[in-house]
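The next block holds one structure in the form of structure tokens; read it before the comments.
Number of protein chains: 2
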Amino acid sequence: MKLSTKGRYGVMAMVDVAMNSDVGPVSLKAVAERQGLSESYLEQLAGPLRKAGLLNSVRGAQGGYTLAREAGAITVGDIIRVLEGPIAPVDCASEDEGPVQHCAHSQGCVAKSVWVKLRDSIVRALDSVSLADLCEEAKHDDGYPLPL
Amino acid sequence: MKLSTKGRYGVMAMVDVAMNSDVGPVSLKAVAERQGLSESYLEQLAGPLRKAGLLNSVRGAQGGYTLAREAGAITVGDIIRVLEGPIAPVDCASEDEGPVQHCAHSQGCVAKSVWVKLRDSIVRALDSVSLADLCEEAKHDDGYPLPL
DNA sequence: ACAAAAACCCAGTGGAGTGGTAGGATTAAG
DNA sequence: CTTAATCCTACCACTCCACTGGGTTTTTGT
Chain A
1 MKLSTKGRYG VMAMVDVAMN SDVGPVSLKA VAERQGLSES YLEQLAGPLR
51 KAGLLNSVRG AQGGYTLARE AGAITVGDII RVLEGPIAPV DCASEDEGPV
101 QHCAHSQGCV AKSVWVKLRD SIVRALDSVS LADLCEEAKH DDGYPLPL
Chain B
1001 MKLSTKGRYG VMAMVDVAMN SDVGPVSLKA VAERQGLSES YLEQLAGPLR
1051 KAGLLNSVRG AQGGYTLARE AGAITVGDII RVLEGPIAPV DCASEDEGPV
1101 QHCAHSQGCV AKSVWVKLRD SIVRALDSVS LADLCEEAKH DDGYPLPL
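Chains as they are written, first to last, in my numbering: chain A, 1 to 148; chain B, 1001 to 1148.
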């Protein structure tokens, strides 16, 4: 039940872009430095995010990325779906389930109701938070409660 | 965001034991046959479940496993925790977080609130369903709505 | 014109984890 | 004393994750 770094870094990067693109497009180099991530790895995330219509890109020097929609219209769930595929704790309880999913309909399927319930919980949690929410929170937490 | 087979098979096995242990302990061989799973793989799940106090075992011929608590007092979450470790969509939002978790408290941690919210959703979903619930459901679904 | 900065693309790679199998030792029933 | 079961440990094939690197194209600034 772990998110991969793709999803995690993707959200970090999108928040970074959201918070820094007021003065122009944000380069991956800048994101990588601020967030402490690998630039070349971020490239692999930016591609899909652009193709999915969450990011716009500007090529060439001084280029970079901007949000393709306003921050309030992009949810964490949107990002996760692009980078990790449809939300599905188990294969037989996927969001985009095809015609009918039959997992060798023995007693095993008894558990399916739990997995569907679990999936719906995850979907609700991820879709209920937008980039705007995270940005707002970030600004507020400026005087950050330091651990240690 | 996928559950591993350990968790899935573990729940299947526990339901099987719950539904078949009224006449005596249930052998892993029987579980494996009914559920279509590998017996030797199930052994690896039964060990931890026993040590965690969810299963009792009876060794020797005619031996097997019974629930260590009543079915209503064992949740799906209990099983998952034993077989997959603490519920934590990302490391910095684990259930059993130690003293303080600091994920390089740069802007990256901005997303932490989402992960915590996500974790809590998962925990609530998994802890709200007991083996008894699943057994009840299984009996009801006897005339099973066949796919195809 | 040209150098630098950026997005793009794609191929490869090391390590860790997943999903098992194999073999044996112990325990108890018939 | 054979058989059926739990128990324990080691091993293995495979996949996927997290990255790295090399190279191409596009644009800006000098």
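Just so you know, even glycine gets a beta-carbon here, dropped at the ideal spot from N, CA and C. From a predicted model like this one, the values you see are computed outputs, not experimental measurements.
Distance, Ser-1128(B) Cα to Ala-88(A) Cα
By one-based count along the first sequence, residue 88(A) stands at place 88. By one-based count along the second sequence, residue 1128(B) stands at place 128. If I take the Cα positions, the gap works out to 19 Å.
Quick check on Gly-41(A): buried or exposed, where buried means 16 or more other Cβ atoms within 10 Å of its Cβ?
Your numbering for residue 41(A) matches position 41 in the first sequence. The question names Gly, yet the displayed sequence has Tyr at residue 41(A). With fewer than 16 Cβ atoms within 10 Å of its Cβ, Tyr-41(A) is classed as exposed.
Would the beta-carbon of Val-1058(B) fall within 7 Å of that of Pro-1025(B)?
What you label residue 1058(B) is simply residue 58 of the second sequence in a count that begins at 1. What you label residue 1025(B) is simply residue 25 of the second sequence in a count that begins at 1. Their beta carbons are under 7 Å apart, which means Val-1058(B) touches Pro-1025(B) by this criterion.
Can you tell me which of the three DSSP states Val-1058(B) falls into?
As a first step, residue 1058(B) must be located in the second sequence, where it is residue number 58. Val-1058(B): strand per DSSP, three-state reduction.
List the residues that DSSP assigns as beta-bridge partners of Gly-53(A).
Here residue 53(A) is taken as the residue at index 53 of the first sequence, counted from 1. Bridge partners of Gly-53(A): none, in fact.
Which one or two residues does DSSP pair with Thr-66(A) in a beta bridge?
Reading the first sequence from its first residue, position 66 is the one you call residue 66(A). Its beta-bridge partners are Asn-56(A).
Looking at the secondary structure, which residues open and close the alpha helix (DSSP H) in which Leu-1126(B) lies?
On the second sequence, position 126 is the one that residue 1126(B) refers to. First-last of the alpha helix (DSSP H) with Leu-1126(B): 1112–1127.
Please report the distance separating the alpha-carbon of Ser-121(A) from that of Lys-1117(B).
Here residue 121(A) refers to the residue found at position 121 when the first sequence is read from its first residue. Here residue 1117(B) refers to the residue found at position 117 when the second sequence is read from its first residue. Straight-line Cα distance between these residues: approximately 10 Å.
Kindly list, in the order they appear in chain B, the residues whose Cβ is closer than 8 Å to that of Pro-89(A).
Taking the first residue of the first sequence as position 1, residue 89(A) is located at position 89. What Pro-89(A) touches in chain B: Met-1001, Lys-1002 and Leu-1003.
Counting only beta-carbon separations shorter than 7 Å, does Ala-52(A) have a partner in chain B?
In the first sequence, the residue the question calls residue 52(A) occupies position 52. No, no contact with chain B.
Limits of the unbroken alpha helix (DSSP H) element including Ile-79(A)
In the first sequence, the residue the question calls residue 79(A) occupies position 79. Note, Ile-79(A): alpha helix (DSSP H), 76–84.
When we look at the beta-carbon of Ala-1046(B) and count the other beta-carbons within 10 Å, is it buried (16 or more) or exposed?
Reading the second sequence from its first residue, position 46 is the one you call residue 1046(B). Ala-1046(B) comes out buried.
Let me make sure I understand the geometry here. Which of Asp-78(A), Glu-43(A) and Val-114(A) has the alpha-carbon closest to that of Leu-126(A)?
As a position in the first sequence, residue 126(A) is number 126, starting the count at 1. For the residues Asp-78(A), Glu-43(A) and Val-114(A), the minimum Cα distance to Leu-126(A) belongs to Asp-78(A).
For Val-1026(B), the residue or residues it bridges with in DSSP:
Sequence index remark: in the second sequence, residue 1026(B) carries index 26 (1-based). Per DSSP, Tyr-1065(B).
Where the alpha helix (DSSP H) through Val-156(A) begins and ends:
Nothing can be reported for residue 156(A): it is not among the residues displayed for chain A, which extend from 1 to 148.
Own chain, CB closer than 6 Å to His-105(A), minus 5 neighbours either side, in chain order
Walking along the first sequence from the start, residue 105(A) turns up at place 105. The predicted position of His-105(A) is uncertain, since its pLDDT is 47 and thus under 50; a value taken from the coordinates is nonetheless stated next. Nothing meets the Cβ criterion.
Coil, strand or helix - Ser-40(A) by DSSP:
Residue mapping note: residue 40(A) aligns to position 40 of the first sequence, counting from 1. In this structure, Ser-40(A) counts as helix in the three-state DSSP scheme.
Determine, using beta carbons only, whether Ala-111(A) comes closer than 7 Å to chain B.
The sequence position of residue 111(A) within the first sequence is 111, counting from 1. For Ala-111(A), the answer is yes, since a Cβ of chain B falls inside 7 Å of its Cβ.
Please report the straight-line C-alpha distance between Gly-1108(B) and Arg-81(A), rounded to a whole angstrom.
For the purposes of this step, residue 1108(B) is taken as residue 108 along the second sequence, with counting starting at 1. For the purposes of this step, residue 81(A) is taken as residue 81 along the first sequence, with counting starting at 1. In this predicted model, Gly-1108(B) has a pLDDT of only 47, less than 50, meaning its place in the structure is not dependable; the value taken from the coordinates is given anyway. C-alpha separation (whole angstroms): 20 Å.
How would you write the range of the alpha helix (DSSP H) that Lys-1139(B) sits in, first residue to last?
As a first step, residue 1139(B) is located in the second sequence; it is residue number 139 there, counting from the start. Where Lys-1139(B) is concerned, the enclosing alpha helix (DSSP H) stretches over 1131–1140.
List, in order along the chain, the chain B residues whose C-beta lies closer than 7 Å to that of Ala-154(A)?
Chain A is shown from 1 up to 148; residue 154(A) falls before or after that span and cannot be answered.
Among Ala-1111(B), Ala-1071(B), Thr-1066(B) and Trp-1115(B), nearest to Glu-1095(B) - alpha-carbon criterion
Taking the first residue of the second sequence as 1, we reach residue 1095(B) at position 95. The option with the nearest alpha carbon to Glu-1095(B) is Trp-1115(B).
Which class does Val-1031(B) belong to by DSSP, given the choice of helix, strand or coil?
Counting from 1 along the second sequence, the entry for residue 1031(B) is found at position 31. Residue state, collapsed to three classes: helix.
Note down, in chain order, each residue of its chain lying with its Cβ closer than 8 Å to the Cβ of Gln-1035(B), except the 5 sequence neighbours on either side.
The sequence position of residue 1035(B) within the second sequence is 35, counting from 1. Cβ neighbours of Gln-1035(B) beyond the five flanking positions: Tyr-1009, Met-1012, Ala-1013 and Asp-1016.
How big is the Cα-Cα spacing for Leu-1049(B) and Glu-1043(B)?
Position 49 of the second sequence, counted from the first residue, corresponds to residue 1049(B). Position 43 of the second sequence, counted from the first residue, corresponds to residue 1043(B). Each residue's alpha carbon lies about 10 Å from the other.
Counting only Cβ pairs nearer than 7 Å, list the residues of chain A close to Val-1076(B).
The sequence position of residue 1076(B) within the second sequence is 76, counting from 1. Here the neighbours are Val-114.
Could you name the residues of the same chain whose beta carbon sits closer than 7 Å to that of Thr-75(A), not counting the 5 residues immediately before and after it, in chain order?
As a position in the first sequence, residue 75(A) is number 75, starting the count at 1. Excluding residues within five positions, the ones whose Cβ falls inside 7 Å are Leu-126, Asp-127, Val-129 and Ser-130.
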